[in-house]
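According to the working numbering, the residues represented by the sequence shown are 1 to 222, in order. From the three backbone atoms N, C-alpha and C, an ideal C-beta is built for every residue, glycine too.
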Amino acid sequence: MIYCVEDERNIRELLVYTLETTGFEAKGMADGEELFQALSCDPVPELILLDIMLPGRDGYAILKELKKSDLYCDIPVIMVTAKEEELDKVKGLDGGADDYITKPFGMMEFIARVKAVMRRSRKEKNELLRCGALEMDLKRYEVRENGTPVELTRKEYEVLKYLVENQGIVLTRDQMLEHVWGYDFIGETRTVDVHIRTLRQKLQEAGSMIETVRGVGYRIRT
Ligand code: CA
Numbered sequence: 001m002i003y004c005v006e007d008e009r010n011i012r013e014l015l016v017y018t019l020e021t022t023g024f025e026a027k028g029m030a031d032g033e034e035l036f037q038a039l040s041c042d043p044v045p046e047l048i049l050l051d052i053m054l055p056g057r058d059g060y061a062i063l064k065e066l067k068k069s070d071l072y073c074d075i076p077v078i079m080v081t082a083k084e085e086e087l088d089k090v091k092g093l094d095g096g097a098d099d100y101i102t103k104p105f106g107m108m109e110f111i112a113r114v115k116a117v118m119r120r121s122r123k124e125k126n127e128l129l130r131c132g133a134l135e136m137d138l139k140r141y142e143v144r145e146n147g148t149p150v151e152l153t154r155k156e157y158e159v160l161k162y163l164v165e166n167q168g169i170v171l172t173r174d175q176m177l178e179h180v181w182g183y184d185f186i187g188e189t190r191t192v193d194v195h196i197r198t199l200r201q202k203l204q205e206a207g208s209m210i211e212t213v214r215g216v217g218y219r220i221r222t
């Protein structure tokens, strides 16, 4: 679902129509109020097209509000501007828009940009690794369990990532040493055990998902 926030009815309807004929689901909104109303009761959209000159809150203010929100900050936004000067202003902002398009624009270009932003955002979504209640954000090096951040050292993080990438598979201590510490690491396999122990302490129920396979190594249950 793509939301089109645009107060000029003709343009709004044209955007929605163009998106729908290209195979997207789209919904038009006339201002920020309608946008936040829709956000609060419908599933989160995949993309928001946001006009800048709007009655009430303008596009800048709306973008800022979206990016401040935990729920909506990941929704990609394409800003739609009427003038080049506005475009410069948007670009100058640290607003977090994913792309900008200047009116009037050709529908082919418009669709190409929409597709490009959606492709990028889908790719980023794949940079989340999941295993039970665990979620690893590979771009930000963040780990959450049931949504709560877990503070890990870099090596603990790498060990956990290796386990989660291979969930259900037994990894030997030597494999883990080689993968996480590198070929040159001259250490004892006990180093792995120490990191597994601290991981189990820092994680809640996900800690018990890490199984010791006696005489071999470790595995995280799926
Ligand atoms: Ca407008």
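In DSSP terms, what residue i is bridged to
i: Gly-217; result: Thr-172 and Val-213
i: Pro-149; result: Arg-144
Residue i in three-state terms, based on DSSP
i: Thr-222; result: coil
i: Gly-28; result: strand
i: Tyr-17; result: helix
i: Glu-205; result: helix
i: Leu-129; result: strand
i: Asp-99; result: strand
i: Ile-196; result: helix
i: Leu-177; result: helix
i: Phe-110; result: helix
Exposed unless 16 or more other CB atoms sit within 10 angstroms - verdict on residue i
i: Gly-149; result: The sequence given here places Pro at residue 149; Gly does not occur at that position. Exposed, because fewer than 16 other Cβ atoms sit within 10 Å of the Cβ of Pro-149.
i: Thr-81; result: buried
i: Arg-12; result: buried
i: Met-209; result: buried
Endpoints, beta strand (DSSP E) assigned at residue i
i: Val-77; result: 77-81
i: Thr-22; result: Careful: Thr-22 lies outside any beta strand (DSSP E) and carries neither H nor E.
i: Glu-65; result: Not the beta strand (DSSP E): Glu-65 falls in the alpha helix (DSSP H), residues 59-68.
i: Arg-144; result: 142-145
i: Tyr-72; result: Run containing Tyr-72: none; DSSP gives neither H nor E here.
i: Val-5; result: 2-5
i: Asp-137; result: 134-137
i: Leu-50; result: 47-51
Limits of the alpha helix (DSSP H) - the one that residue i falls within
i: Glu-158; result: 154-165
*For the 8 Å Cβ check, are there 3 or more pairs between the stretch 112-127 and the stretch 166-184?*
Too few Cβ pairs lie closer than 8 Å, so no.
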